[in-house]
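> Chains as they are written, first to last, in our numbering: chain A, -4 to 459; chain B, 307 to 621.
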Amino acid sequence: MNEVIDGLPDESDKSAALPDPLVQREGPEASVLIRGAELLDPVSGIEGPHDLLVESGTISRIADPGVIEAGEGTEVIEAEGLHVFPAFFDPHVHFRTPGQEYKEDLETGTRSAAAGGFAGVIAMANTVPPVSAPEQIEALRDRAARVASVPVGFTATVTRDMKGTELTDMAELRQAGAVAFTDDGLPIASSRILRRALQYQAMTGGRIALHEEDPGLSGKGVMNEGVVSSELGLRGVPSISESTMIGRDAAIAGYEGGAIQIQHLSAVESIEQVRQAKANGVDITCEVTPHHLCLTDEAVRDLDASKHKMNPPLRTEADRQALIDALVDGTIDCIATDHAPHAVHEKEVPFEAANMGVTGLETAFASVYTSLVLPGRISLELLVEKLGCGGGPFGIEPFTLTEGSRANLCLIDLEAEWVVGEDGYESRSLNSWCAGETLHGRVLVTLADGQVAYRLRSFSLGVA
Amino acid sequence: MKHLLGIEDLDPVGIDALLDRAESFAEVSKRDIKKVPALRGRTVVTLFYEASTRTSSSFELAAKRLSADVVSVKASGSSVEKGESLKDTVETLSAYDPAAIVIRHPQAGAAQMLTDWVDAAVVNAGDGMHQHPSQALLDLFALRQRIGSVEGKKIWIVGDVLHSRVARSNIQAFSMMGAEVTIAGPPTLIPRGIEATGCKVHYSLDGIEEADVVYLLRMQRERMEESFVPSIREYARLFQVNARRLNPRQLVMHPGPVNRGIEIGGDVIDSDRSLISDQVASGLAVRMAILFELLARGGDSREMDQAPVPIGEPA
């Protein structure tokens, strides 16, 4: 006997527009004059020293240095020698709400994002329980509207409770506000289910973000399979466990005309798959993490799981160099942190027993700036661009420094040297892959959708 | 026409003639004595490998009203259950020298295969997800009774087109008779490339107000278990056609059996705009016409020397 479903609201007519993709708490709109800072905006092309005035949360004027006078009640930042960039956007963070708030929650997670210069993030759905029902999206958005210091978009899982067997109510989830779909943390092992999801996507929209890993190949691996894993006696995850799944999924997406985002690319073979798929016209985008751009599996020799155990694992120097090249040539669309907080007790265990994942929001800019920009491997402009454009695959335009735009910007001191973790973290968790490292470049202030989302404690503002 | 395997066996003139014939049989069914002697002394076998109520009963009754002897075989409770092959079963039944075999089978092409094995006229009463021509013809008949020709009419077929033999026959039949056909459903249930057959494809009910006729397909629970849709509930929210989605001028059809409250709202089933009971009523007359066209009007070469029996004479 079938259940009878009468009297439900009609959802087919698209007259009811989708909700705004991002949600932030209400707060006072900033009025700030930033004097003489070096502006660098890859979107508008503006660069060089300028005065920048924010009034009621909107960039109202950009002018030559020393031209703009502060009005009554406007905060003034003397920013000569400092840099202002459009704020960053991270399409891949784990904020652990609901269910694992001991690791992170929407409040600490968004503070951590703001401290890294981010004015927008997309939260993954592998919470406890996973985000598989429209009511959960609504509850998360309500919560974010009360506590999120930067705008957050929420994803829903592709399969119900990430079990890989049934699709979620993707249409209803979209209408509740899901910006995308992902079973991140797990691959979608069944090609049939992925195919159905990509077919269904033609109706619902919402890019499907994929954690690519063939479980038959990755098995119980805990680090990259290679010389280091052989020496350490740790089970390896071969690079092909990622690239073969990308090949499969790109083929399915191409066949169905679906849109996919490949998450946290780690291996040279994977880059080849993405490059080929793009050449074939597949709607495929991809991201790379700062840690895969800066570290190799050599780092695992310290067996410090808190800093160096994550999935996908750190790969070889050849992989790392190929990732950087792919970032430069545009094969890789954006940088995403895969910010994955874990409690100390989940990391202070033998390497093989530890949870996978590292935090990355607060160090994203400084780590790549220190490792790749200062040595001249990539340009500052490329870094700012790739940290800023992560919303693009999900229909969210990058922020820009133009008159009339909402103020989404970060003020950064490129000269500042700091030791990561020395002053603590905004994140609730300590498992930064940069913990204890000395980095260059520090975020002083972040404005997110017109609000002051972050200011470094030691950095104070004058008031006119 | 020797067999009726699919709509492609017909052309618009043939369909119109067949519907004319059905109209006269509909008249017969209103008389006190509802039988005509057209197929007296001939045998019609119905062979159903799938559960069926309206198709099997109306073919059986149609043959009886034409005065044929009828043998009805169902897969359950017959030698089919004991593992007999389709060919062996059909050859066994051929011993009765049937004039026609009406077959329903869960696999596409079964009716077609029979034509190589038997001399009888073969009527496809549904083969897999392929064709169900008598359904399409009775749908045209029900529409003709209500609105006349479908030429230039906009007909939306909504739901699980992928698994529907009714949809495949009706897309062809409606298009052949000059209607503009649109199919609508979730992309997972729309056959790949179907638009090449000339119909439009929609992934929502947006624009359904243009339809003169909305033809709904049965949504089976198995489709959820097979992951074609996330849930029957979401399907109903997106694609259920109910009174709120329609204006009073729009007609609604459904081949049955309906899932009240899933693909179709109860308010629509019970309303004047529903043609569902007209469809059922049309089944008998149209199936009489099909058997008559195949067997009495000279489709069967063995009967060519016999003059067609006038319909009007009671048996």
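Note that CB positions come from ideal geometry on N, CA and C, so glycine has one too.
#1: Measuring only between beta-carbons, confirm whether B:Pro554 sits less than 9 Å from chain A.
#2: Residues of the region 171 to 189 of chain A with a CB closer than 8 Å to any CB of chain B: list them in chain order, please.
#3: Which bits of chain B does A:Ala166 rub up against, with CB to CB less than 7 Å?
#4: Of all the beta strand (DSSP E) runs that stay within the bounds of the region 378 to 425 of chain A, which reach a length of 3 or more residues?
#5: Along chain A, in chain order, which residues have C-beta atoms closer than 8 Å to that of B:Phe354?
#6: Looking only at C-alpha atoms, which of A:Ser424, A:Met351, A:Ala166, A:Glu421 sits nearest to A:Leu193?
#7: Alpha carbons only, please: which of A:Val232, A:Val145, A:Glu102 is nearest the one belonging to A:Val116?
#8: For a test of the three-state rule: what should DSSP assign to A:Gly231, helix, strand or coil?
#9: Give the single residue among A:Asp278, A:Glu264, A:Glu267, A:Glu237 whose Cα lies nearest to the Cα of A:Ile247.
#10: Would you be able to state if there are at least three C-beta pairs under 8 Å between the region 261 to 272 of chain A and the region 227 to 244 of chain A?
#11: At a Cβ threshold of 9 Å, is A:Asp100 touching chain B?
#12: Just the chain B side, please: which residues come within less than 7 Å of A:Arg230 by C-beta, in chain order?
#13: At 7 Å on the CB atoms, spell out the chain A contacts of B:Pro563, in chain order.
#14: Output yes or no for whether 9 Å exceeds the beta carbon distance between B:Val596 and B:Ala332.
#15: Is DSSP giving A:Ile57 helix, strand or coil here?
#16: Does A:Glu161 come within less than 9 Å of chain B when only Cβ atoms are used?
#17: Let me know the secondary structure DSSP gives B:Val564 once reduced to three states.
#18: Spatial neighbours of A:Glu50 within its chain, please: C-beta separation below 7 Å, excluding the five flanking residues on both sides.
#19: Just curious, the beta strand (DSSP E) that A:Pro44 is in, first and last residue?
#20: What ranges does the alpha helix (DSSP H) occupy inside the region 183 to 251 of chain A, keeping only unbroken runs of at least 4 residues that lie completely in it?
#21: Could you compute how far the alpha carbon of B:Ser378 sits from the alpha carbon of A:Tyr250?
#22: Taking only three categories from DSSP, how would you classify B:Gly605?
#23: How many angstroms separate the CA atom of A:His45 from the CA atom of B:Ile489?
#24: I'd like the ranges of any alpha helix (DSSP H) spanning at least 4 consecutive residues and lying wholly in the region 88 to 142 of chain A.
#25: For the beta strand (DSSP E) that contains B:Phe354, what are its first and last residues?
#26: Across the region 102 to 110 of chain A and the region 217 to 225 of chain A, are there enough close Cβ pairs to call them in contact, namely three or more that are closer than 8 Å?
#27: Answer yes or no: does any C-beta atom of chain B fall closer than 9 Å to that of A:Arg243?
#28: Where are the beta strand (DSSP E) runs, 3 residues long or more, that stay fully inside the region 525 to 562 of chain B, in chain order?
#29: Do you know offhand how far B:Leu392's Cα is from B:Leu495's?
#30: Between the beta-carbon of B:Ile407 and the beta-carbon of B:Val350, is there less than 9 Å?
#31: Quick check on B:Pro616: buried or exposed, where buried means 16 or more other Cβ atoms within 10 Å of its Cβ?
#32: Within this structure, are the beta carbons of B:Ile514 and B:Val464 separated by less than 9 Å?
#33: Taking C-beta pairs closer than 8 Å, name the residues in chain B that A:Arg191 reaches, listed in chain order.
#34: Jot down the residue ranges of each uninterrupted beta strand (DSSP E) in the region 352 to 414 of chain B, minimum 3 residues, whole runs only, in chain order.
#35: First and last residue of the beta strand (DSSP E) that includes A:Glu70?
#36: Between B:Val574 and the rest of its own chain, which residues show a CB-CB distance below 8 Å, the 5 nearest in sequence each way excluded?
Judging by the given coordinates:
#1: no
#2: Arg187, Ile188
#3: Glu540, Leu544
#4: As far as the region 378 to 425 of chain A is concerned, its whole beta strand (DSSP E) runs of at least 3 residues are 404 to 414.
#5: Simply none; closest approach about 24 Å.
#6: The candidate whose alpha carbon is nearest that of A:Leu193 is A:Ala166.
#7: Residue A:Val145 is the option with its Cα nearest to A:Val116.
#8: strand
#9: A:Asp278
#10: yes
#11: no
#12: The contacting residues do not exist; A:Arg230 stays about 32 Å from chain B at best.
#13: Within 7 Å Cβ-Cβ: nothing; B:Pro563 doesn't reach chain A, min ~11 Å.
#14: Here the sequence assigns Ile to residue 596 of chain B, which means Val is not the residue at that position. The answer is no: Cβ separation not under 9 Å.
#15: It is a strand residue.
#16: yes
#17: In the structure shown, B:Val564 falls within a coil segment according to DSSP collapsed to helix, strand and coil.
#18: Ser26
#19: First-last of the beta strand (DSSP E) with A:Pro44: 42 to 50.
#20: 186 to 199, 210 to 213, 222 to 227, 235 to 251
#21: 46 Å
#22: With a pLDDT of 47 at B:Gly605, under the threshold of 50, the predicted position of this residue should be treated as unreliable, and no value is reported.
#23: 58 Å
#24: Counting only runs of 4 or more, we get 101 to 110, 129 to 142.
#25: Unbroken beta strand (DSSP E) run through B:Phe354: 349 to 354.
#26: no
#27: no
#28: 557 to 559
#29: 30 Å
#30: Here B:Ile407 is near B:Val350, since their CB atoms are less than 9 Å apart.
#31: Confidence at B:Pro616 is low in this model, with a pLDDT of 49, below 50, so its placement is unreliable and the value that follows should be read with caution. Exposed, by the Cβ-count rule.
#32: yes
#33: Neighbours of A:Arg191 on chain B, chain order: Thr494, Ser533, Phe534.
#34: 375 to 380, 406 to 411
#35: 70 to 73
#36: Counting only Cβ-Cβ distances below 8 Å, and skipping sequence neighbours, we find Val547, Asn548, Ala549, Leu552, Val558, Ser580.
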